Each structure stands twice: as C-alpha cells, then as structure tokens.
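To start, the structure itself, in structure tokens.
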Amino acid sequence: MTVSLSPFPPSALAAWMTAQRASYIDDRLRAGDDEAAAERNAQASHDRLFPDGRLAPGHDVLRILDDGRPVGVIWVGPHPQELEGVGWIWDVEVDEPSRGRGFGRSAMLLAEEHALALGYRALALNVFGFNTTARGLYESLGYETTAVLMRKELRASE
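Counting from 0, one number per residue, gives the positions in the sequence shown under numbering that gives the first Met the number 0.
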C-alpha cells in the first residue's frame, strides 16, 4: 500500500461538488437539523466555497490514491474564520470498500505535509459528534478538542 495525494481532476470537480453538498446535507440532518435548516446551511456554504461554480481560491481538493488507484478525497483550505497560519480540513472521504484500511490516517498525514508546504503552521477541522470513527482517528493523530457544540431535544411534560 503506497498512499499518495494528487489534485482532483478539474473535469470531475462539478460532480464532486454536487455529491459533497448532498453528503453535507445528510450529515446536518443526522446531527439534528431540520430539512430547511440543512438546505440553508448547505447553500450558504456552497455559495461561499464554490463561487460561480468553482472552488474558492486557496482550496485544494485532492484525490487519495492507493498505488495510483483512487480510494477517496481530502479537501484542504483556509480556516473558515481566516485565522492567520491555520488551515482547515474541509472534508475527508474514503470510499466505502476502502474504509478501515488506514487510508484516512495516511491521507491526513499527507495533508499535514501539504498544509506545511502551503505555509500553514496548524490545521483544524470540524467533526460531527455522531462520527465516532473520525473523531477517534483525529484524536489519535494529535488533534485536540477546542470547542464542543451540544444539543438536546426538548419535549413537553406529559
């Protein structure tokens, strides 16, 4: 297994953006958003990150390759709050059949090297609370929890 990263083919970017948006909506719904809020949030993100249907400047969508064969995607770019010297992992997606084989870990380590080459001194990311596998991976790589967003569904007394 030789894992590497390569630029995502521009010809495939539009289809990837559509799939990424749908995946983000699914994650927002799973995290508790109602459908309208998930759609609004996804549209606002899409408008900001893909102006005019193109990836915003400074963002790199990279294919995760195993011996040259695509097994996933990792997206690195500026921090959403534009923090000086801090990059952001916007998305990590390993294809279902390739999960659990170390590709996510290898991709994260390669993305850290990529971020250093871009001049970042730190990387940050957001992970949904339900994604315990990803949280475990990030913690094992030394990522620290810096904030926690919590939610409780309320029900009237019966």
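Think of the CB as a built atom: it goes at the ideal place given N, C-alpha and C, for glycine as much as any other residue.
All of these numbers come straight from a predicted model, not from anything done at the bench.
Touch test, the region 62–81 against the region 105–118, Cβ-Cβ under 8 Å, three pairs minimum: yes
By Cβ distance, which residues of its chain are closer than 7 Å to residue 105, with the 5 residues on each side in sequence left out? 2
Assigned exposure category for residue 42 - 16 Cβ within 10 Å defines buried: exposed
Based on DSSP bridge pairs, tell me the residues matched to residue 141. Per DSSP, none; premise fails for residue 141.
Helix, strand or coil at residue 117 according to DSSP, with G and I counted as helix: coil
Taking just the CA atoms, how far does residue 121 sit from residue 143? 12 Å
Does the region 76–86 come close enough to the region 120–136 that 3 or more CB-CB pairs lie under 8 Å? yes
Below 8 Å, how does it come out for the region 52–59 and the region 24–44: are there three or more Cβ pairs, yes or no? no
Quick one: give me the first and last residue of the beta strand (DSSP E) that residue 83 is part of. Neither: residue 83 is in no beta strand (DSSP E) and is coded neither H nor E.
Taking residue 169 as the reference, give the member of 70, 21, 84 with the closest Cα. Beyond the ends of the chain as shown, which are 0 and 157, falls residue 169; an answer cannot be given.
Helix, strand or coil at residue 67 [DSSP, three-state]: coil
List the whole-angstrom C-beta distance separating residue 134 from residue 126, where the pair is believed to meet the contact cut-off of C-beta under 8 Å. 5 Å
Which same chain residues end up closer than 7 Å to residue 16 when comparing Cβ atoms and leaving out the 5 residues on each side of it in sequence? 49
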